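Q: Quick one: structure below, then a few questions.
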Amino acid sequence: MAATRRIGILTAGGDSPGLNAAIRGIGKAAIGHHGMEIVGFRDGFRGLVEDRRMRLGSNRLAGILTVGGTILGTSRDKPHRMPVDGEVLDMTEAVVRTYERNGLDALVCIGGGGTQRNALRLARAGLDIVTLPKTIDNDLACTDATIGFATALEIATEAIDRLHSTAHSHHRIIMAEVMGHGAGWLALAAGLAGGADVILIPEIPYEVESVAAAIRRRSRRGTNFSIVAVAEGARERADAEAYRAAEARRAAAATAEEKERARADLAALEAAHLGNTLRLARRLEELTGLESRVSILGYVQRGGTPSAVDRLLATRLGTAAADLIRDRRFGVMVAARADATEPVPLEQVAGKRKTVSPDHAWVAAARYVGTCLGD
Ligand code: F6P
């Protein structure tokens, strides 16, 4: 069996704190312990298509453990549907050519759900791939943790802590909009840790009247302020049903036209959802008589130095990836399993989102401490 000598690395999808720690973990183990060489590709899969490289020697890996973002850059471009000169093209062949031209023996793709799907496609095109799980949304299947979630949780929790005192002083409702379109892990965890009075997540569709009733109950008890932690993707029950129906139509589409129509319906529903938190704040103001304000936490949650928990996670997953490559275990994601790591076949990860189950322990804990979940 030929030894693995040259590894490519890329980061794809939304950035998150801990990506550089992961690059460093892979690189230090691969170069220092397994005698391999590392080449970085810039801006996700686009860099691979365009063969834009960065040599990742030991010097380049020093001093990046605590640095936010990714030294490689990132993008959401997909190899099989890439905008090129005004057209959307399948660039898989170009990726294979870059891989061969650079004499790569393996490629590490660090990313979230989209990246895992793209990586599986490339594995099927013949590339030797290992992936690492990264997303502040924590919504990847088959892993206990994803790189970036712990840091984003600290940031969102601190924001909710700070909103408490100003909401209290002004007797207001303050909505903290937390990232998470398809999964509510971050809003739920930050809401619980920050003691939000209401937590709204995509997995539990809400009724505005239930939220207003919970806030009015607090007012009657003499507490005339409330903090609402709301995930970007939280929806009212009727909207959630329309969204689910469109998703089901897309999944069941038998022809390209049907798929395109379902995609367009979903895009229209997404567009209508924009500004939902602001509209919800206005309706709660009307229904409760309390002034309402909105803080959209946005990209602050993805920026800055990774927490100790994320540095540790990224380092253990990154170094484990180098071991798997040495052992030529390809077509897998390095999953976190308690204190250990485990290779999971990409087929089991790709296309499967880990959402909050309604009977998850965090949901139960939220209900026990009297948090309204809007249902
Ligand atoms: O990283 C995941 C995520 O943070 C989602 O929660 C969020 O909705 C999305 O990325 C926004 O990403 P962008 O605007 O960078 O595409």
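In this text, residue positions in the sequence shown follow this note's numbering: the first is 4, and each later residue adds one.
By construction, the Cβ of each residue, glycine as well, lies at the ideal position given by its N, Cα and C atoms.
From a predicted model like this one, the values you see are computed outputs, not experimental measurements.
Determine the extent of the alpha helix (DSSP H) in which F152 is found, giving its start and end residues.
A: Here residue 152 corresponds to residue number 149 of the sequence shown, with the count starting at 1. Counting along the chain, the alpha helix (DSSP H) containing F152 begins and ends at F152 to H173.
Q: List, from N- to C-terminal side, the beta strand (DSSP E) runs of 3 residues or more that fit wholly inside the stretch 180 to 254.
A: Runs found: 201 to 203 and 229 to 234.
Q: Measure from the alpha carbon of V111 to the alpha carbon of each residue in G30, K262 and T258, then state which is nearest.
A: Residue mapping note: residue 111 aligns to position 108 of the sequence shown, counting from 1. Selected option, being the one with the closest Cα: G30.
Q: Go to R104, then tell me how far its alpha helix (DSSP H) extends in each direction, as first and last residue.
A: Reading the sequence shown from its first residue, position 101 is the one you call residue 104. Note, R104: alpha helix (DSSP H), T95 to R104.
Q: Going by Cα to Cα distance, which pick from A148, H184, A109 and R45 is closest to L130?
A: For the purposes of this step, residue 130 is taken as the residue at position 127 of the sequence shown. If we check each option's Cα against that of L130, A109 comes out closest.
Q: Kindly examine the ligand F6P and report whether one of its heavy atoms sits closer than 7 Å to the Cβ of G307.
A: One-based indexing of the sequence shown puts residue 307 at position 304. G307: no, Cβ never under 7 Å from the ligand F6P.
Q: Please identify the residue among G50, V372, A153 and D80 whose C-alpha is closest to the C-alpha of L92.
A: Walking along the sequence shown from the start, residue 92 turns up at place 89. Of G50, V372, A153 and D80, the residue nearest in Cα terms is D80.
Q: Please classify E157: is it buried, with 16 or more other beta-carbons within 10 angstroms of its beta-carbon, or exposed?
A: Counted from its first residue, the sequence shown places residue 157 at position 154. Buried.
Q: Let's test the definition: count the other Cβ atoms within 10 Å of the Cβ of S168 and tell me whether it reaches 16, buried, or not, exposed.
A: Within the sequence shown, numbered from 1, the residue matching residue 168 stands at position 165. Per the 10 Å Cβ criterion, exposed.
Q: Going by CA-CA distance only, name the one from I10, E53 and A215 that's closest to M39.
A: To locate residue 39, count along the sequence shown from 1; it is residue 36. When only C-alpha atoms are compared, the closest one is I10.
Q: Quick one, which of R49, A241 and R319 has its alpha-carbon nearest V99's?
A: In the sequence shown, counting from the first residue as 1, residue 99 sits at position 96. Of the candidates R49, A241 and R319, the one whose C-alpha sits nearest the C-alpha of V99 is R49.
Q: Tell whether a beta-carbon distance below 8 Å holds between E350 and L123.
A: Residue numbering aside, residue 350 sits at position 347 when the sequence shown is read from its first letter. Residue numbering aside, residue 123 sits at position 120 when the sequence shown is read from its first letter. Cβ distance < 8 Å, so E350 and L123 count as in contact.
Q: Distance, Cα to Cα, A248 vs E294?
A: For this step, residue 248 is matched to residue 245 along the sequence shown. For this step, residue 294 is matched to residue 291 along the sequence shown. Approximately 35 Å, taken between the alpha carbons.
Q: Nearest to M336 by alpha carbon, out of G66, T69, E289 and R120?
A: For the purposes of this step, residue 336 is taken as the residue at position 333 of the sequence shown. The option with the nearest alpha carbon to M336 is R120.
Q: Can you tell me whether F48 is helix, strand or coil according to DSSP?
A: What you label residue 48 is simply residue 45 of the sequence shown in a count that begins at 1. Residue state, collapsed to three classes: helix.
Q: Roughly how many whole angstroms lie between the Cα atoms of P86 and V52?
A: For the purposes of this step, residue 86 is taken as the residue at position 83 of the sequence shown. For the purposes of this step, residue 52 is taken as the residue at position 49 of the sequence shown. Roughly 11 Å separates the two Cα atoms.
Q: Please find out if some non-hydrogen atom of the ligand F6P comes closer than 7 Å to the beta-carbon of S229.
A: Walking along the sequence shown from the start, residue 229 turns up at place 226. Result no, Cβ not under 7 Å from the ligand F6P.
Q: Just to check, is the beta-carbon of I139 closer than 7 Å to a non-hydrogen atom of the ligand F6P?
A: Residue mapping note: residue 139 aligns to position 136 of the sequence shown, counting from 1. Answer for I139: yes, Cβ within range of the ligand F6P.
Q: Count the other C-beta atoms from every protein chain shown that fall within 10 angstroms of the C-beta of P348, then say buried if there are 16 or more, exposed otherwise.
A: Locating residue 348 in the sequence shown gives position 345, where the first residue counts as 1. P348 is exposed by the Cβ-count criterion.
Q: Please go through the stretch 280 to 364 and give each complete beta strand (DSSP E) segment of 3 or more residues, from N-terminal end onward.
A: You should have 294 to 299, 335 to 340 and 343 to 348.
Q: For A148, tell me which candidate among D46, A338 and G278 has the shortest Cα-Cα distance.
A: As a position in the sequence shown, residue 148 is number 145, starting the count at 1. Looking at the Cα atoms, A338 is the closest of the given residues.
Q: Using alpha carbons as the reference points, say which of L290, A192 and I150 lies closest to G3.
A: What is shown of the chain runs 4 to 378, which leaves residue 3 out entirely.
Q: Taking the straight line between their C-alpha atoms, what separation do you get for D326 and A6?
A: Stepping through the sequence shown from its first residue, residue 326 is reached at position 323. Stepping through the sequence shown from its first residue, residue 6 is reached at position 3. Those two C-alpha atoms are separated by around 12 Å.
Q: Would DSSP call T14 helix, strand or coil?
A: Taking the sequence shown and counting its residues from 1, one reaches residue 14 at position 11. Strand.
Q: Return yes when the Cβ of A215 is within less than 8 Å of the Cβ of L287, no when it is not.
A: Residue 287 sits at position 284 when you count from the first residue of the sequence shown. Residue 215 sits at position 212 when you count from the first residue of the sequence shown. Yes.
Q: Using the rule of at least 16 other Cβ atoms within 10 Å of the residue's Cβ for burial, across every protein chain shown, is G66 buried or exposed?
A: What you label residue 66 is simply residue 63 of the sequence shown in a count that begins at 1. Exposed, because fewer than 16 other Cβ atoms sit within 10 Å of the Cβ of G66.
Q: For a test of the three-state rule: what should DSSP assign to T73, helix, strand or coil?
A: The residue you call residue 73 lines up with position 70 of the sequence shown. Coil, per DSSP.
Q: Classify P361 as buried or exposed, calling it buried when 16 or more other Cβ atoms lie within 10 Å of its own Cβ.
A: On the sequence shown, residue 361 is found 358 positions in, with the first residue counted as 1. Exposed.
Q: In whole angstroms, give me the CA-to-CA distance for G262 and G60.
A: If you number the sequence shown from 1, residue 262 lands on position 259. If you number the sequence shown from 1, residue 60 lands on position 57. Note on residue identity: the sequence assigns Lys, not Gly, to residue 262. Taking the straight line from one Cα to the other gives about 45 Å.
Q: Can you tell me which of the three DSSP states I132 falls into?
A: For this step, residue 132 is matched to residue 129 along the sequence shown. Strand at I132.
Q: Measuring only from the beta carbon, is M85 closer than 7 Å to any heavy atom that is part of the ligand F6P?
A: Counted from its first residue, the sequence shown places residue 85 at position 82. Answer for M85: no, Cβ out of range of the ligand F6P.
Q: For V104 and L315, I'd like the C-alpha separation in whole angstroms.
A: Here the question's residue 104 lines up with position 101 in the sequence shown. Here the question's residue 315 lines up with position 312 in the sequence shown. According to the sequence shown, residue 104 is Arg rather than Val. For R104 and L315, the distance between alpha carbons rounds to 34 Å.
Q: Specify the secondary structure class of A24 as computed by DSSP and reduced to three states.
A: Within the sequence shown, the letter at position 21 stands for residue 24. DSSP places A24 in helix when its eight states are reduced to three.
Q: DSSP three-state call for G89: helix, strand or coil?
A: As a first step, residue 89 is located in the sequence shown; it is residue number 86 there, counting from the start. Here G89 sits in coil by DSSP.
Q: Would you mind reading off the limits of the beta strand (DSSP E) that contains L110?
A: Taking the sequence shown and counting its residues from 1, one reaches residue 110 at position 107. Taken as a continuous stretch (DSSP letters only), the beta strand (DSSP E) holding L110 covers A109 to G114.
Q: Is Y209 buried or exposed, if buried means 16 or more other CB atoms sit within 10 Å of its CB?
A: On the sequence shown, residue 209 is found 206 positions in, with the first residue counted as 1. That one is buried.
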